[in-house]
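Only one structure is covered here, and it is reproduced in the block below.
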Amino acid sequence: MTAPGRSALARAQWLGGHRIELDECDSTNDEAARLARAGARHGTVVIARAQRAGRGRDGRSWASPRDAGLYLSAVIRTPLPLIDVPPMTLAIGVGLCDAARALGAPAALKWPNDALVGGKKLAGVLVEAHSQGHRVDAVIVGIGVNLSAAGAAGWPPELAATAISMEQAAGAPVDRAAFIDQLLAQVERWIDRYVASGIAAIAPAWRDRMAPGVTARARVDGVELCGELAGLDGDGALLLRDAGGALHRVRGGDVEVIKPAPAAPRVEAAP
Numbered sequence: 001m002t003a004p005g006r007s008a009l010a011r012a013q014w015l016g017g018h019r020i021e022l023d024e025c026d027s028t029n030d031e032a033a034r035l036a037r038a039g040a041r042h043g044t045v046v047i048a049r050a051q052r053a054g055r056g057r058d059g060r061s062w063a064s065p066r067d068a069g070l071y072l073s074a075v076i077r078t079p080l081p082l083i084d085v086p087p088m089t090l091a092i093g094v095g096l097c098d099a100a101r102a103l104g105a106p107a108a109l110k111w112p113n114d115a116l117v118g119g120k121k122l123a124g125v126l127v128e129a130h131s132q133g134h135r136v137d138a139v140i141v142g143i144g145v146n147l148s149a150a151g152a153a154g155w156p157p158e159l160a161a162t163a164i165s166m167e168q169a170a171g172a173p174v175d176r177a178a179f180i181d182q183l184l185a186q187v188e189r190w191i192d193r194y195v196a197s198g199i200a201a202i203a204p205a206w207r208d209r210m211a212p213g214v215t216a217r218a219r220v221d222g223v224e225l226c227g228e229l230a231g232l233d234g235d236g237a238l239l240l241r242d243a244g245g246a247l248h249r250v251r252g253g254d255v256e257v258i259k260p261a262p263a264a265p266r267v268e269a270a271p
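The sequence shown begins at 1 in this note's numbering and counts up one residue at a time.
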């Protein structure tokens, strides 16, 4: 049976038009950045079967066992000014979430760059801008997705307690090639929408896919607040609801997530 939404979505037009498959590398983001410096065209994609030094946000390591996940990075040549690059992460997250859902995983988004299922991490996004002054030369978009439950057996206990694979979340093996096609098409669609219309075109979609119950600590106008993340406003600012129910607009750099989304009701075939 065709997964919901797959047949209605055309294949990507520019994202992945040039695709480089590697057996192993230190980091697909580093490989994509090297290719960008050498003149790689817009939409070039690097995919590795394993990474020796995969990384996520704030330099955290990303476990990348062989053939257990999708480790993908893309070279994006964008007309956006440097200040407008960070919100692109939200657009990519929406595309990632939609691709996971299309293949049966009930994913939700955790600010700023994770996809969750039942409170466990399914995937993450890392966006790195390479610029000259205020001019963006290239944006490197890294996406890591846990694909196989077989790979989960090799995770250390502390990771197995917080991570989930597409196979576990969907309750069946996931066709890697079909997922890549879906991911490229969905991410391309939402990047195009963001570049054309800005964050106002992305914020409602991100809110609709947001994981509930995420608590964060933030500093607003010099005052530390703690509360539940309540989505984004029309300008893309994060909204934090404090204990009294008041909403506060927060800049991304001022936020620390301190409690992830609670586990949802048991997903079929989940451990």
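Note that beta-carbon positions come from the ideal geometry of N, C-alpha and C, so glycine has one too.
Computed from a predicted structure; not experimentally measured.
| request: Assign ARG49 to one of three DSSP states: helix, strand, or coil. | output: ARG49: coil per DSSP, three-state reduction.
| said: From the DSSP secondary-structure annotation, give me the bridge partner or partners of GLU31. | reply: DSSP lists no partner for GLU31.
| According to the neighbour-count rule (16 or more other Cβ atoms, all chains shown, within 10 Å of its Cβ), is GLY236 buried or exposed? | Residue environment: GLY236 is assigned as buried (16 or more neighbouring CB atoms within 10 Å of its CB, all protein chains considered).
| message | Do GLY142 and SER73 count as a contact pair if the criterion is CB distance below 8 Å? | response | Yes, the pair counts as a contact, with Cβ atoms nearer than the cut-off.
| Where does ILE164 sit, in a helix, a strand or coil, going by DSSP? | Coil, per DSSP.
| message | Using CA atoms only, rank isn't needed, just tell me which of PRO87, ASN146 and ILE83 is closest to GLY133. | response | Measuring from the Cα of GLY133, the nearest candidate turns out to be ILE83.
| Can you tell me the Cα-Cα spacing of ASP181 and VAL187, whole angstroms? | Cα to Cα, ASP181 sits roughly 10 Å from VAL187.
| message | Whether or not the region 239-248 and the region 217-227 are in contact is what I'm after, with contact meaning three or more pairs of Cβ atoms, one per stretch, closer than 8 Å; do they touch? | response | The answer is yes - the region 239-248 touches the region 217-227, with three or more Cβ pairs under 8 Å.
| If you check the beta carbons only, do THR162 and LYS110 fall under 8 Å apart? | Not a contact, by the Cβ cut-off of 8 Å.
| Would the region 222-239 and the region 205-214 be scored as touching if the rule is three or more Cβ pairs under 8 Å? | Yes: the two stretches touch, three or more of their Cβ pairs being nearer than 8 Å.
| task | Can you say whether SER27 is buried or exposed, counting buried as having 16 or more other CB atoms within 10 angstroms of its CB? | result | Classification of SER27: buried, given that the 10 Å Cβ count is 16 or more.
| message | Let's test the definition: count the other Cβ atoms within 10 Å of the Cβ of PRO112 and tell me whether it reaches 16, buried, or not, exposed. | response | Looking at its Cβ environment, which holds 16 or more other Cβ atoms inside 10 Å, PRO112 is buried.
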